Amino acid sequence: MKKKNKSVYPPLIFNVFKPARMTSYDVIRHFKRHLPNGFGKIGHFGTLDPFASGVLMIGIGGAARLNDFIHEFMPKTYIATGKLGIDTPTGDYTSEISQTDDTPYLKEEIARFPRSFLEERFREKFLGDYWQAPHKYSAAKFMGKNLHEWAREGVEVKKEQVLRHIYDIKVLRYQFPYLSIQVTVSSGTYVRTLFSDMANDLGTIGSLISLVRESVGNVNIKKAIFKKDWPVDREELIIERGVKVHDVLPFPRFILNETQATAFKNGAFLKLNELNGDSKTSEYSWILDESSKLLGLAQKIDENQIKPKINFHLEDLADPSSDHSPQ
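Sequential numbering of the sequence shown, starting at -6, is according to our numbering.
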């Protein structure tokens, strides 16, 4: 049995810029090797494909337990550039072109569409609820293996469509045959597939040539830690770049006195009318003690009570040599 090891650091999230042609696990592995000792579990909040770049959120000190909340409450914004009139098996430039559109309609009609028309059409068609099946070259799982592993073995697995949500679409540039869009989407949305669906809606085909994750909720690429500033030799200074989890997820906060804090740590329900905090209506709320130390996350169970949902006081973190990489 592996020795258990509590983190000596609070739950923190690093906003890391993942370069293209590097896997998300490559980034995790670098941080795992070079963070100071005692960081506890480490994991990321949503894989970026190797060909994509941009925001990769990495959590330590128990932050990985918030994976589901980040996916649910923090939409992702991407800038995607693709080429109309071509198709590839992977939906991006990492594989050879398998199909081309040589029809006059593409070159004589679609080529002349104004940018404003494209934006209006895409918003009308795709904003809101959007049903999408995972791309066959994706990290979605089937029988314990990624779909892209099945595809590379010559087995094509048909996955059922899943309901996603498109919050915003902007056409940034259209210089035929190249189209650049900015989209804000719910977690789990495959932008390669969305781009292909947009091209199909125009009456042609299309594949991505670049993809940048610009933000996850309020975690923006402008404040990301670029590779030149990644930690080396177990340096402590990198911890200062970590963001507290309660500054990332926008839940209200309750400040507990000593008696209430002890009760929360022991798993007790708390009465809302006895708490000092921002809101009595939110389903989830952060729980802090009087010294501003984060104790955990609470969930509202009725109009009068909340209960511990995540209790960092009880966090029993695995040895930092282990990896946890939530998708």
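Glycine included, C-beta positions come from ideal geometry on N, C-alpha and C. In this text the structure is predicted, and so the values were computed from the model without any measurement.
Does residue i pass the burial test, meaning 16 or more other C-beta atoms within 10 Å, or should it be called exposed?
i	result
threonine 16	exposed
glutamine 168	exposed
glycine 260	exposed
serine 91	exposed
lysine 76	buried
threonine 70	buried
leucine 242	buried
valine 225	exposed
asparagine 356	Missing from the structure shown is residue 356; the chain here goes from -6 to 320 and no further.
leucine 230	exposed
leucine 201	buried
leucine 172	buried
valine 205	buried
threonine 83	buried
aspartate 42	buried
leucine 156	exposed
isoleucine 303	buried
In this structure, does DSSP put residue i in helix, strand or coil?
i	result
threonine 182	coil
isoleucine 294	coil
leucine 28	coil
alanine 45	coil
aspartate 161	strand
proline 301	strand
leucine 195	helix
arginine 22	helix
phenylalanine 115	helix
lysine 11	strand
serine 109	helix
histidine 306	helix
asparagine 211	coil
serine 189	helix
serine 0	coil
serine 17	helix
arginine 58	helix
proline 97	helix
leucine 120	coil
Of the residues the options, which one's Cα is nearest the Cα of residue i?
i	options	result
isoleucine 299	Phe305, Ser278 and Lys25	Ser278
leucine 263	Lys293, Pro245 and Leu288	Lys293
isoleucine 159	Ser46, Leu111, Glu233 and Tyr183	Tyr183
alanine 217	Gly121, Arg26, Tyr18 and Gly47	Gly47
aspartate 95	Thr87, Ser109, Phe106 and Asp80	Asp80
methionine 191	Val238, Phe7, Ser208 and Thr74	Thr74
leucine 290	Pro107, Gly235, Phe257 and Met67	Phe257
glycine 36	Leu201, Lys221, Gly55 and Asp42	Gly55
asparagine 297	Ile162, Thr87, Ile202 and Asn266	Asn266
asparagine 211	Ser203, Asp222, Asp42 and Thr177	Thr177
glutamate 101	Arg26, Pro170 and Glu112	Pro170
serine 0	Asp240, Thr255, Gln253 and Ile232	Ile232
lysine 215	Glu207, Ala57 and Glu89	Glu207
asparagine 213	Glu251, Asp61, Glu113 and Leu49	Leu49
Are the beta-carbon atoms belonging to residue i and residue j less than 7 Å from one another?
i	j	result
aspartate 85	arginine 14	no
arginine 227	proline 29	yes
phenylalanine 32	isoleucine 53	yes
valine 20	lysine 11	yes
leucine 165	glutamine 175	yes
isoleucine 103	threonine 197	yes
leucine 288	isoleucine 280	yes
serine 284	proline 245	no
isoleucine 51	phenylalanine 24	yes
valine 209	leucine 59	no
leucine 99	glycine 121	no
valine 236	isoleucine 6	yes
proline 301	serine 179	no
lysine 286	aspartate 194	no
glycine 270	phenylalanine 247	yes
phenylalanine 106	isoleucine 162	no
glycine 181	phenylalanine 188	no
leucine 249	aspartate 282	yes
phenylalanine 44	threonine 93	no
What does DSSP give as the partner residues of residue i in its beta bridges?
i	result
arginine 166	Ser173
glutamine 125	Val155
histidine 37	Ile51
leucine 5	Ile53 and Lys237
aspartate 80	Gln92
leucine 281	Ile248 and Leu287
isoleucine 72	Gln175 and Val205
isoleucine 218	Val9
leucine 263	Ile299
asparagine 269	Ile248
serine 339	With the chain running from -6 to 320 in the structure shown, residue 339 is simply not present.
Report whether the distance from the Cβ of residue i to the nearest heavy atom of the ligand ADP is below 6 Å.
i	result
glutamine 175	No copy of the ligand ADP appears in this structure; indeed no ligand is present at all.
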